[in-house]
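Counting from 1, position 161 in the sequence shown corresponds to residue 161 in full-length UniProt numbering; the numbering is continuous, with no gaps. What follows is a set of notes on a single structure, which appears directly below.
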Amino acid sequence: MHQDLYFCVSRVVVARGMDLFKIVRRALGYFGKPSRERVVLKPNLVIDRPPPVTTPVEVVEALVEYYRENGFEVIIAEGSGWCDTFTAFERLGYLELVKKYGVRLVDLNVDDFEIVRNPKALFLKEFEFPLTLKDAYVVSVPVLKEHSITGVTLSLKNMLGATIGEKARIARKGRFHRSLNESIVDVNLYIRPGFAVIDGRVIGIGGELGARPRKLGIMIFSDDPVAADAIGAKYLGKDPLSIRHLRLAQESGLGTADPDKIKIVII
């Protein structure tokens, strides 16, 4: 992988270590602080199953501590697709973060929204933008995991859960699957997450909802979510530019999917 800074346009930090809280502080120190006062953490809680199907609560807790210590308001938001969102919050330990830190949990399936439009969108010309995410610095916090359709489900695909889906979750979010790769890109173009933290300590192999755990022992950080996903794909043994939604994301200006243009910092 070419690491000449002259050619690199994005930076990704890959971290190893036992102390999760120290890893988060050290890795985030390589990047600037959020540009907005409110930080929304978006874990992958697509269903109420334990990691590596879903994001471990301790990863989100480490991020909550970091951002709160630096003076930011922190919200944890998700719109689960295969169960009630607050069922996932409860069963996966996220309610404890409310008790411990006073953070707010938001079910994006029932969030207020405004209609936004993009005639140049690949598929979603119109989008219901959750108001919790408006004027917020959104951090996508997925697990490093394979997907049966898209190859990988990382920070970009995680944002499909940051959409409205009251009652008819399957019908409303199911529309994305009519053009899944394009929908992933469009949702990220509308929401524009500012950062990605991918938990690769224990990765998910063989599918999205029934992922088999495999220890890898890394975490991936970047202010370019496309680049974070590209490096994540590499760790899963895949060519990032062969992943359609990553290639489309790069072509749409969301970030860098070409590993030769990504500076990797290993800590």
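From the three backbone atoms N, C-alpha and C, an ideal C-beta is built for every residue, glycine too. This structure is a prediction, so every number in the text was calculated from the model and none was measured.
Inset, instruction - With 8 angstroms as the threshold, decide whether the Cβ of ILE184 is near any Cβ in chain D. - result: Looking at the structure shown, chain D is missing, and only one protein chain is on hand.
Inset, instruction - Within 10 angstroms of the Cβ of PHE221, are there 16 or more other Cβ atoms? Answer buried if so, exposed if not. - result: Reading the sequence shown from its first residue, position 221 is the one you call residue 221. Buried, because 16 or more other Cβ atoms sit within 10 Å of the Cβ of PHE221.
Legend entry - Cβ separation of ASN181 and LEU131, assumed to be a contact under 8 angstroms, to the nearest whole Å: Here residue 181 refers to the residue found at position 181 of the sequence shown. Here residue 131 refers to the residue found at position 131 of the sequence shown. The pair is not a contact, with the Cβ atoms about 27 angstroms apart (cut-off 8 angstroms).
Inset, instruction - State the beta-bridge partners of ILE115 as determined by DSSP. - result: Numbered from its first residue, the sequence shown carries residue 115 at position 115. Looking at the DSSP assignment, ILE115 forms a beta bridge with GLU128.
Inset, instruction - Check whether the Cβ atoms of ARG26 and ILE231 sit closer than 8 angstroms, and answer yes or no. - result: Within the sequence shown, the letter at position 26 stands for residue 26. Within the sequence shown, the letter at position 231 stands for residue 231. Against a cut-off of 8 angstroms, the Cβ pair of ILE231 and ARG26 comes out as no contact.
Legend entry - For ALA232, the first and last residue of its enclosing alpha helix (DSSP H): Position 232 of the sequence shown holds residue 232. The question names Ala, but residue 232 is Gly in the sequence shown. First-last of the alpha helix (DSSP H) with GLY232: 225-235.
Inset, instruction - Take every Cβ of the region 222-229, pair it with every Cβ of the region 199-208, and state whether three or more of those distances are shorter than 8 angstroms. - result: With fewer than three CB-CB distances shorter than 8 angstroms, the region 222-229 does not count as touching the region 199-208.
Inset, instruction - Consult DSSP for TYR30 and reduce its assignment to one of helix, strand or coil. - result: Numbered from its first residue, the sequence shown carries residue 30 at position 30. Looking at TYR30 - three-state DSSP - the assignment turns out to be coil, as it is neither helix nor strand.
Inset, instruction - Would you check if the region 109-124 and the region 24-42 touch, i.e. whether three or more CB-CB distances between them fall below 8 angstroms? - result: No, the region 24-42 is not in contact with the region 109-124.
Inset, instruction - Measure the alpha-carbon distance for HIS147 versus ASP223 and round it to whole angstroms. - result: For the purposes of this step, residue 147 is taken as the residue at position 147 of the sequence shown. For the purposes of this step, residue 223 is taken as the residue at position 223 of the sequence shown. HIS147 and ASP223: Cα-Cα distance of roughly 23 angstroms.
Inset, instruction - Could you check how far apart the C-beta atoms of GLY93 and VAL57 are, in whole angstroms? I think they sit under 8 angstroms. - result: In the sequence shown, counting from the first residue as 1, residue 93 sits at position 93. In the sequence shown, counting from the first residue as 1, residue 57 sits at position 57. Contact holds; Cβ gap of about 4 angstroms.
Inset, instruction - Measure the Cβ-Cβ separation of ILE184 and LEU144 and say whether it is below 8 angstroms. - result: Residue mapping note: residue 184 aligns to position 184 of the sequence shown, counting from 1. Residue mapping note: residue 144 aligns to position 144 of the sequence shown, counting from 1. It is not a contact, given that the beta carbons lie outside the stated cut-off.
Inset, instruction - Pull up the distance between the alpha-carbon of VAL187 and that of ALA257, whole angstroms please. - result: To locate residue 187, count along the sequence shown from 1; it is residue 187. To locate residue 257, count along the sequence shown from 1; it is residue 257. Distance between the alpha carbons of VAL187 and ALA257 is about 17 angstroms.
Inset, instruction - Would you kindly work out how many angstroms separate the C-alpha atoms of ALA233 and PRO240, rounded to a whole number? - result: For the purposes of this step, residue 233 is taken as the residue at position 233 of the sequence shown. For the purposes of this step, residue 240 is taken as the residue at position 240 of the sequence shown. Answer to the nearest angstrom: the Cα atoms are 6 angstroms apart.
Legend entry - Cβ-Cβ distance between ASN118 and TYR190 below 8 angstroms: Counted from its first residue, the sequence shown places residue 118 at position 118. Counted from its first residue, the sequence shown places residue 190 at position 190. Taking 8 angstroms as the Cβ cut-off, ASN118 and TYR190 qualify as a contacting pair.
Inset, instruction - Just list the alpha helix (DSSP H) runs in the region 125-164, keeping only unbroken ones of 4 residues or longer that don't cross its boundaries, in chain order. - result: Fully enclosed alpha helix (DSSP H) runs of 4 or longer: 155-158.
Legend entry - For ALA257, the three-state DSSP class (helix, strand or coil): Indexing the sequence shown from 1 puts residue 257 at position 257. Annotated three-state conformation of ALA257 is coil, per DSSP.
Inset, instruction - Could you spell out the range, first to last residue, of the beta strand (DSSP E) harbouring residue 273? - result: This structure does not reach residue 273, given that the chain is present from 1 up to 267, and the question cannot be answered.
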